[in-house]
Amino acid sequence: ALEVGSRGVLVKPFVAQVVIGTVRDLLAAGDGAAASVPVPAAAPATPPAAAAADVFAASASPAAPIEQWPQPPAGVPPAPVPPPVEPAAESDAGAPAAGPVLVAEGSVLADAFAALLAAERRAAEGDSAPPAPGASHYQLPEAIVSDLVDRVVSRLSDTYLREQAAAVVSEVAERVVREEIARAGGNAG
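Numbering-wise (the numbering used here), the sequence shown opens with residue 41 and increments by one.
Rendered as structure tokens:
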């Protein structure tokens, strides 16, 4: 991984909190920290049946809430909270933005992952209400999300992107199948 310039490794099954934590660690490390990120040792070989049992057992236990994660290093200033965004008038909808948004790049990425995780949790719980005013999570403007996606995709190689897409699709498919099996088992009994 170090030969191709990778600064970290994500291990399957992907857990949202682990992915967010890894992204925050990599962003906090900066560009010059390629050699300082430890590469996890190869896991000992386990029989396929045992590995499958471990995956299902691990997914049944909840992970630590995001509020209990370690805080960023003391030297890193907190991300500025943008002022509330008011909806633009219809006549301004096609007008370009006045200028670039000046926000620390690392904090935007970390906040984007946290916002996506919060949205996924709300969707899973069936709660479509937005967070209360003054809550720590805020809605990112579509322009920032689009810019963030463009920057991330431009930095990824085509091969890596395909591998990750296949991994994520297989994980989501496994999760959907497990949920359907659990729901069918609950309806039958």
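C-beta atoms are modelled at their ideal positions from N, C-alpha and C, and glycine is treated no differently.
Just so it is clear, the structure is predicted and the values come from calculations on it, not from any experiment.
Hey, could you find the ends of the alpha helix (DSSP H) residue i is sitting in?
i, result
"glycine 61", "56-69"
"serine 46", "Segment: none, serine 46 is in no alpha helix (DSSP H) and carries neither H nor E."
"leucine 188", "182-195"
Output the distance between the C-alpha atoms of residue i and residue j, rounded to the nearest integer angstrom.
i, j, result
"glutamate 220", "alanine 154", "27 angstroms"
"glycine 61", "glycine 226", "34 angstroms"
"glutamate 203", "serine 197", "10 angstroms"
"proline 181", "valine 189", "13 angstroms"
"glycine 48", "alanine 205", "17 angstroms"
"valine 44", "leucine 50", "15 angstroms"
"alanine 222", "valine 193", "35 angstroms"
"serine 186", "valine 217", "31 angstroms"
"glutamate 160", "valine 212", "13 angstroms"
"leucine 201", "glutamate 214", "20 angstroms"
"alanine 21", "glutamine 179", "In the structure as shown, the chain begins at 41 and stops at 229. Residue 21 is therefore absent and cannot be evaluated."
"glutamine 108", "arginine 191", "29 angstroms"
"valine 58", "threonine 199", "23 angstroms"
"arginine 195", "glutamate 165", "33 angstroms"
Could you name the residues of the same chain whose beta carbon sits closer than 6 angstroms to that of residue i, not counting the 5 residues immediately before and after it, in chain order?
i, result
"alanine 56", "Leu157"
Going by beta carbon distance, what residues of the same chain come within less than 8 angstroms of residue i, once the five residues before and after it are set aside?
i, result
"valine 209", "none"
"valine 63", "Leu149, Ala150 and Phe153"
"phenylalanine 54", "Ala207, Val208 and Glu211"
"alanine 224", "none"
With a cut-off of 8 angstroms, does the C-beta of residue i fall near any C-beta of chain B?
i, result
"arginine 195", "The structure shown contains no chain B; it holds only a single protein chain."
Candidates the options: which alpha carbon is nearest residue i's?
i, options, result
"glycine 70", "Pro53, Ser46 and Glu165", "Ser46"
Skipping 5 residues on each side, what residues in its chain have a beta carbon closer than 7 angstroms to that of residue i?
i, result
"alanine 207", "Lys52"
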